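One structure below.
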Amino acid sequence: MINKFSEIYKRIGSNLKRERKKARLTQVQLAEKISRIDDAKISNIENAKEDFMFSTLLEIANGLNIDVEKLTKKERAVKKKEEWNDEQQSRI
């Protein structure tokens, strides 16, 4: 999918994949929990290959038992603990 929203779709797809794996579900298993969405659609959303309605995102979030915000938010860059400790040590 190439349009002005492609980065947003990529982020949502990446977040969806992460949350699905965190829930230890395959695409098929998640689709089974959501009656009107099949595994091919989940795959297409995860890979930013399909436009979708917001209600679809709400259904997926419900199937994962998470707030829809977890699928839409940007991930903040989090430094690894070791990197942070090294940075603090270098200041001393």
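The sequence shown begins at 1 in full-length UniProt numbering and counts up one residue at a time.
Backbone N, C-alpha and C define an ideal beta-carbon position, used for all residues, glycine too.
Model, not experiment: these values are computed from the prediction.
Practice problem: For residue 34, collect the residues of the same chain with a Cβ closer than 7 Å to its Cβ; drop the 5 residues on either side in sequence, then sort them by chain order. | Solution: The residue you call residue 34 lines up with position 34 of the sequence shown. Same-chain partners within the cutoff: 59, 60, 63.
Quiz item: By a C-beta neighbour count over all protein chains shown, 10 Å radius and 16 as the cutoff for buried, is residue 79 buried or exposed?
Solution: The count along the sequence shown starts at 1 and reaches residue 79 at position 79. Any reading at residue 79 must be qualified, since the residue scores a pLDDT of 48, below 50, and its modelled position is unreliable; no value is offered.
Self-check item: Whole-angstrom C-beta distance between residue 16 and residue 46, which should lie under 8 Å
Solution: Counting from one through the sequence shown, the residue named residue 46 turns up at place 46. Counting from one through the sequence shown, the residue named residue 16 turns up at place 16. Correct: roughly 5 Å between the Cβ atoms.
Practice problem: Compute the beta-carbon to beta-carbon distance between residue 39 and residue 48, rounded to the nearest angstrom, for a pair I have assumed lies under 8 Å. | Solution: One-based indexing of the sequence shown puts residue 39 at position 39. One-based indexing of the sequence shown puts residue 48 at position 48. Between residue 39 and residue 48, the beta carbon gap of about 16 Å keeps them out of contact (Cβ cut-off 8 Å).
Quiz item: Which residues mark the beginning and the end of the alpha helix (DSSP H) in which residue 8 is found?
Solution: Start at 1 with the first residue of the sequence shown, and residue 8 comes out as number 8. Taken as a continuous stretch (DSSP letters only), the alpha helix (DSSP H) holding residue 8 covers 6-22.
Practice problem: Please work out which residues of its chain come closer than 7 Å, Cβ to Cβ, to residue 10, disregarding the five sequence neighbours upstream and downstream, and give them in chain order. | Solution: By 1-based counting over the sequence shown, the position of residue 10 is 10. The answer, listed in chain order, is 48.
Quiz item: Hey, would you say residue 19 sits closer than 8 Å to residue 70, going by beta carbons?
Solution: As a first step, residue 19 is located in the sequence shown; it is residue number 19 there, counting from the start. As a first step, residue 70 is located in the sequence shown; it is residue number 70 there, counting from the start. If you check the CB distance, residue 19 and residue 70 come in under 8 Å.
Self-check item: Reference residue 141; option with closest CA among 21, 56, 13, 23
Solution: A query on residue 141 cannot be resolved here, the shown segment of the chain reaching from 1 to 92 and no further.
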